[in-house]
Amino acid sequence: MVIFGDGNLYIGSGLRYLTVNYDSSEGSVNYGNGAWFYNTQLWLTATPNSGYQLSYWLVDGQQVYGSTIGITMNQDHTVQPVFTSTAGLHQLSMDEYSSESNSYLGSYISVDGGSMGWSPVYVTEGWHTVSAPTSMFDPYYGEVYFGGIYDSNGNYYNNGDSIYISSDTSLYAYYG
Numbered sequence: 012m013v014i015f016g017d018g019n020l021y022i023g024s025g026l027r028y029l030t031v032n033y034d035s036s037e038g039s040v041n042y043g044n045g046a047w048f049y050n051t052q053l054w055l056t057a058t059p060n061s062g063y064q065l066s067y068w069l070v071d072g073q074q075v076y077g078s079t080i081g082i083t084m085n086q087d088h089t090v091q092p093v094f095t096s097t098a099g100l101h102q103l104s105m106d107e108y109s110s111e112s113n114s115y116l117g118s119y120i121s122v123d124g125g126s127m128g129w130s131p132v133y134v135t136e137g138w139h140t141v142s143a144p145t146s147m148f149d150p151y152y153g154e155v156y157f158g159g160i161y162d163s164n165g166n167y168y169n170n171g172d173s174i175y176i177s178s179d180t181s182l183y184a185y186y187g
């Protein structure tokens, strides 16, 4: 029996079931199969093994993006992280730094118009549009704003510029 704050009474087991399907040779998930009380909020994180990347999740048959996803156990759910091989792909990473405090802020990247996600990502050889967050939080200075992206050769890029990727590439975004 579950009593809700709005006065509704639910009589039943109060449990909802989570089924997690994945190939452990490709990666792992922080939660496995289990029963959870109604409306429990879970945060599932998929971690790819070496040689794999997380492409997306299937949540009840629907694609969801992000390495960590939130699931509310208001019904039974089936989730599956979809890992893909990175063989033949190039690693593209982005680290964000504050020019105000000279401190590391994060590792986020958007490639080819996709949603902002955790760096690194894996891409094919060729031209890719690359973006960093427009602002970040500096623990010493508060909110700081995008100033530019640099590669290891000192080349400067704006958010949304196309960069030719032919090998593993590290980019650095600066904020001030």
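Going by the numbering used here, the sequence shown opens with residue 12, and the numbers climb by one from there.
Beta carbons are placed, not taken as given, at the ideal position from N, Cα and C, and that holds for glycine.
Simplified DSSP assignment, three categories, for residue i
| i | result |
| --- | --- |
| Glu107 | strand |
| Gln73 | strand |
| Leu55 | strand |
| Asp172 | strand |
| Thr30 | strand |
| Ala98 | coil |
Cut-off 7 Å between Cβ atoms - residues of its own chain near residue i, not counting five sequence neighbours on either side
| i | result |
| --- | --- |
| Pro131 | Gln102, Leu103 and Ser104 |
| Asn41 | Leu55 and Thr56 |
| Tyr63 | Glu37, Gly38, Phe94, Thr95, Ser96 and Thr97 |
Expected contact under 8 Å - CB spacing of residue i and residue j to nearest Å
| i | j | result |
| --- | --- | --- |
| Ala57 | Leu26 | Not a contact, Cβ separation roughly 24 Å. |
| Tyr108 | Tyr185 | 6 Å |
Residues near residue i in its chain [Cβ-Cβ closer than 6 Å; skip 5 each side]
| i | result |
| --- | --- |
| Gln74 | Tyr67 |
Cα-Cα separation, residue i to residue j
| i | j | result |
| --- | --- | --- |
| Pro150 | Ser110 | 13 Å |
| Ser112 | Phe48 | 45 Å |
| Ser78 | Val155 | 25 Å |
Evaluate the contact criterion for the segment 84–93 versus the segment 115–130: three or more CB pairs, one atom per stretch, below 8 Å. no
Using 8 Å as the cut-off, can you tell me whether the segment 133–145 makes contact with the segment 154–172, which would need three or more C-beta pairs spanning the two stretches below that distance? yes
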